[in-house]
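Novice:
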Amino acid sequence: MAGKDAPPRWDRKMQQRLARGEAAALGELYDRFASLVHSLGHRVLGDEQAADAVTREVFAHVWEHPETYDPKQGTLRSWVAAVTHRVAVQRLRDREEREQPRHEERESTVRRASVAARADYIAHSMPAPLRAALDLAYFQRRDYRQTAADLGVTEDEARRRLRLGLQLLSTAHDTGTPPGYRGAV
Amino acid sequence: MNGADRFDAHDEPHEHGAQGRPGGRDGRDGRDGRGAGGGGGSGDVPRAAGGPGPAPAPRIPTPRTSVEDSGLPLPDLADLGDPAPVPLDLSHDVLKSLLGAWALAACSAAETAAVEHHLGGCGSCADEARRLREAVGLLHQPETLDLDPALRTRVLENCLSRRPPRIPVPEWAAPYDAETARLDALLQDFGDAEWHAPVRLRWFEADTPTSRRTTVAGVIAHLLSVDGIVATALGLEDPLTGVAGAAERGAGGPAGRTEAYWRASHFPPTRSVRGPWREQSHSLVRTVSFTGGHAGGLEVSYGDFALPLHDAMLDRAFECWVHAEDIAEAVDYPYEPPAPRHLNRMIDLAVRVLPTVLAERRRAGLSAPGRRTPHLVPAGAPGRSLRLEIEGSGGGEWLIPLDSPAAQGSADLEVAHVALDGAEFCRLAAGHVPPAEAAAGQVGDREAIRDVLLAVASLSRM
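Sequences listed follow chains D and E, in order.
Heads up: the first sequence is residues 1197 to 1381, going by this note's numbering.
Heads up: the second sequence is residues 1041 to 1502, going by this note's numbering.
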């Protein structure tokens, strides 16, 4: 999982460049993370315009407060995901408060969206071999023997990957920030 | 795609899974036999003894949609045999290892039955089974939403207005920054078929249409090679370092470098060229942000001509767009013209170099000097001019002195007027439209118009 190891040099370098006020760094940051930010925003809020607004707010936050990223807590990617999560869920909460009079309904909508966004992030950042196994077994509807054959691994290994992948995914139900970034955002 | 973090190093034992291990039949038949499905499946997963508190155990999510709805081929009827599998006698560890596959309904019927029988008696496995089943419900096909390229501009502008950059991207580098980002976004979801799709590069040479066949990956290699001219001028690493023949005489220009790069590899370029191209384009934007203020005088040599750094970056932005269009056309994707203010700068660059190109063509005997007026005018004096009117957003009007690069364009000495759409003008300058066919409104001296349109087409190169 992301965040297990010391963040790569790129992350620290990027933070320094942002802190220095280098506009070119902001562009590179966008190019690397915009699709992550936008898709998480879309997953929580369910519409394009809201996802655009989340993207605008997240990059503004990162650009204005690069010092709040702590490389010891995880990768830059996981931090950006955590910021996105917070921003998107806050927007959803605001919207629900305007539109949904019942408190319990509101809370469960927010919880569902929050878990879904965490799950997307986990699925997105899990090691590629686990992700590939889940893709085959779930989206391509291959059984685990076919999955093993497709991936060129043993059946034991295919079973291990499917189980581990789902175990990682199931942590989306744990509350808190997305996995990988441990600091409060 | 090029994020190394997406592809963590991993050890994959590369052996081919043996089909039909003892006790396991080919598993398709397991689909119907899976227990934790709609038909009271949740009852098959008992709650753990002494489970957590009074909270009701979460419901096991209903199974995923049927294969009939997925657009995928249905399993062969032959695979659906064995309706009553006999539970297998499997060890606890094996059953546990099957939980992920079971939750995904990806075991054989016999294995499914064995797992479900086991869940009745093993609390820890039942707990895990429930968690994994729920996790399956969280799998979600990521929509490949193409981000609107204009969003990048809006987001970055919003950021920069809230906190002005200490090191801005120079205005003349903004088109290159935007065009490379747009092309990179186009490449985002390309599979092998797209990377190897044939592309025909087209340009004008000696007033004749010329072309060269390559692939999408070959086009990116071309951009990498030619952008490398600017990179080298800025003291960055040349992507052609170590490429055989790159240092040869005549290999310094865009075509020579590209051919050297293509030749140097035994195999046609692949998608792996995207990373180096993107990295170099980011480095260029970054480097000119630092040096740009003082680098006004820096010349970038293309071999047989040179451009100031500012114009070289505009030229590269233009080439990036032109080739992005080539690529988009090859894979049948839509592609928009650049933002109007960027398009305007690109047109302006072409217009600014035209008087010099006209003079060179005259010297080479490719165009006739104006016969009715002396074509040599004192530097800075008004000269015979052509009015170029570019329509559409990003357009404008330019007066092009016809007889000397040193002369001033003059409305009083206007001898011809050409009106053209902005994107069409750029296609002409890219050598994608023959001058005679450029849909232009023309009034005035036909020879002057012909000379100018030919000169515009001659700006194109590989």
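Here a beta-carbon is modelled for each residue, glycine too, at the ideal position from N, C-alpha and C.
Taking C-alpha atoms, which residue in E:Val-1176, E:Ala-1214, E:Gly-1481, E:Cys-1360 lies nearest to D:Gly-1223?
Specialist: When only C-alpha atoms are compared, the closest one is E:Ala-1214.
Novice: Please tell me whether E:Val-1391 and E:Ala-1495 are closer than 8 angstroms, where the distance is taken between their beta carbons.
Specialist: Taking 8 angstroms as the Cβ cut-off, E:Val-1391 and E:Ala-1495 do not qualify as a contacting pair.
Novice: Return the residue from the list E:Ala-1304, E:Ala-1469, E:Glu-1359 that minimises the CA-CA distance to E:Gly-1282.
Specialist: For E:Gly-1282, the nearest C-alpha among the options comes from E:Ala-1304.
Novice: So what's E:Val-1473 in DSSP terms, helix, strand or just coil?
Specialist: The answer is coil: DSSP assigns E:Val-1473 none of H, G, I, E or B.
Novice: Would the segment 1286-1301 of chain D count as touching the segment 1325-1340 of chain D if we require 3 or more Cβ pairs under 8 angstroms?
Specialist: No, the segment 1286-1301 of chain D is not in contact with the segment 1325-1340 of chain D.
Novice: At what residue ranges does the segment 1269-1351 of chain D contain a whole run of the alpha helix (DSSP H), taking only runs of 4 or more?
Specialist: Fully enclosed alpha helix (DSSP H) runs of 4 or longer: 1272-1295, 1299-1321, 1324-1330, 1340-1347.
Novice: With DSSP as the reference, identify every bridge partner of E:Thr-1248, one or two as the case may be.
Specialist: DSSP lists E:Glu-1245 as partners of E:Thr-1248.
Novice: Taking the C-alpha atoms as reference points, what is the distance between E:Ala-1368 and E:Cys-1466?
Specialist: Each residue's alpha carbon lies about 16 angstroms from the other.
Novice: Give me the Cα-Cα distance between D:Gly-1361 and D:Ala-1368, rounded to the nearest whole angstrom.
Specialist: Answer to the nearest angstrom: the Cα atoms are 12 angstroms apart.
Novice: Could you check the C-alpha separation between D:Tyr-1377 and E:Ser-1498 for me, to the nearest Å?
Specialist: Taking the straight line from one Cα to the other gives about 55 angstroms.
Novice: Would you mind working out which of D:Gly-1217, D:Arg-1337, D:Pro-1204 sits nearest D:Gly-1270, comparing C-alpha positions?
Specialist: Considering only alpha carbons, the answer is D:Pro-1204.
Novice: Would you kindly work out how many angstroms separate the C-alpha atoms of E:Gly-1471 and E:Arg-1501, rounded to a whole number?
Specialist: The alpha-carbon atoms of E:Gly-1471 and E:Arg-1501 are separated by roughly 8 angstroms.
Novice: Can the beta-carbon of E:Ser-1444 be found less than 8 angstroms from the beta-carbon of E:Ala-1399?
Specialist: Cβ distance < 8 angstroms, so E:Ser-1444 and E:Ala-1399 count as in contact.
Novice: Less than 8 angstroms between the beta carbons of E:Tyr-1342 and E:Gly-1296, yes or no?
Specialist: Not closer than 8 angstroms, so no.
Novice: Taking the alpha-carbon positions, what's the E:Thr-1152 to D:Val-1276 distance?
Specialist: In a straight line, the C-alpha of E:Thr-1152 is about 41 angstroms away from that of D:Val-1276.
Novice: On a CA-only basis, which of E:Ile-1269, E:Glu-1477, E:Ser-1137, E:Phe-1358 is nearest E:Asp-1344? Give me that one, please.
Specialist: Nearest C-alpha to E:Asp-1344: E:Ile-1269.
Novice: Taking C-beta pairs closer than 7 angstroms, name the residues in chain D that E:Asp-1217 reaches, listed in chain order.
Specialist: Ordered by position in chain D, the residues that pass the 7 angstroms Cβ test against E:Asp-1217 are Gly-1223.
Novice: Using the beta-carbon of each residue, which ones in chain D are nearer than 7 angstroms to E:Pro-1208?
Specialist: Correct list: Ala-1219.
Novice: Short of 8 angstroms in beta carbon distance, which residues of its chain neighbour D:Asp-1339, apart from the five on each side in sequence? Order them along the chain.
Specialist: Contacts found: Ala-1333.
Novice: Starting from E:Trp-1438, trace the beta strand (DSSP E) in both directions and tell me its first and last residue.
Specialist: Taken as a continuous stretch (DSSP letters only), the beta strand (DSSP E) holding E:Trp-1438 covers 1436-1441.
Novice: Hey, is E:Asp-1129's beta-carbon within less than 8 angstroms of any beta-carbon in chain D?
Specialist: No, E:Asp-1129 lies away from the interface with chain D (no Cβ there is under 8 angstroms from its Cβ).
Novice: Can you list, in chain order, the residues of its chain with a C-beta nearer than 7 angstroms to that of D:Ala-1247? Leave out the 5 residues immediately preceding and following it.
Specialist: Excluding positions up to five away in sequence, the list reads His-1234, Gly-1237, His-1238, Leu-1241.
Novice: Could you list which residues in chain D have their beta carbon closer than 9 angstroms to that of E:Gly-1263, in chain order?
Specialist: Before going further, note that residue 1263 of chain E is Leu rather than Gly in the sequence given. Here the premise fails: no neighbours, minimum Cβ distance about 16 angstroms.
Novice: Drop a sphere of 10 angstroms on the beta-carbon of D:Gln-1211, count the other beta-carbons inside from all chains shown, and report buried for 16 or more, exposed for fewer.
Specialist: Label assigned to D:Gln-1211: buried.
Novice: For the putative contact between E:His-1350 and E:Trp-1212, defined by C-beta atoms under 8 angstroms, what is the C-beta separation to the nearest angstrom?
Specialist: About 4 angstroms separates the two Cβ atoms, so the contact holds.
Novice: Evaluate E:His-1363 with the Cβ neighbour count: other Cβ atoms within 10 Å of its Cβ, from every protein chain shown; 16 or more gives buried, anything less gives exposed.
Specialist: So E:His-1363 ends up on the buried side.
Novice: Please report whether the beta-carbon of D:Asp-1259 lies at a distance below 8 angstroms from any beta-carbon of chain E.
Specialist: Reading the sequence as shown, one finds Trp at residue 1259 of chain D and not Asp. Chain E contact via Cβ: present.
Novice: Quick one: which chain D residues come within Cβ less than 8 angstroms of E:Cys-1147?
Specialist: Result: Asp-1339, Tyr-1340.
Novice: Determine the chain D residues that contact E:Leu-1196 at a beta-carbon separation under 8 angstroms, and present them in chain order.
Specialist: Ordered by position in chain D, the residues that pass the 8 angstroms Cβ test against E:Leu-1196 are Ala-1219, Leu-1222, Gly-1223, Tyr-1226, Phe-1255.
Novice: With 8 angstroms set as the bound, which would you pick, yes or no: does the beta-carbon of E:Arg-1074 sit closer than that to a beta-carbon of chain D?
Specialist: Residue placement at E:Arg-1074 is poorly supported in this model, since its pLDDT is 40, which falls under 50; the coordinates still yield a value, given next. Not an interface residue.
Novice: Note down, in chain order, every chain D residue with its Cβ under 9 angstroms from the Cβ of E:Asp-1167.
Specialist: None at all; the shortest Cβ gap to chain D is about 11 angstroms.
Novice: For my contact list, E:Leu-1389 and E:Asp-1355 are in at a C-beta cut-off of 8 angstroms; report their separation, rounded to the angstrom.
Specialist: Correct: roughly 7 angstroms between the Cβ atoms.
Novice: With distance defined between alpha-carbon atoms, name the residue in E:Ser-1148, E:Leu-1468, E:Val-1256 nearest to E:Phe-1358.
Specialist: The option with the nearest alpha carbon to E:Phe-1358 is E:Leu-1468.
Novice: Check the Cβ-Cβ distances between E:Gly-1163 and every residue of chain A, and say whether any is below 8 angstroms.
Specialist: Judged by its chain identifiers, the structure shown contains no chain A, and its protein chains are D and E.
Novice: Pull the bridge partners of E:Ser-1341 from the DSSP assignment, please.
Specialist: Per DSSP, E:Ala-1346.
Novice: By the criterion of Cβ-Cβ separation under 8 angstroms, what are the contact partners of D:Arg-1216 in chain E?
Specialist: In chain order: Arg-1206, Ile-1207.
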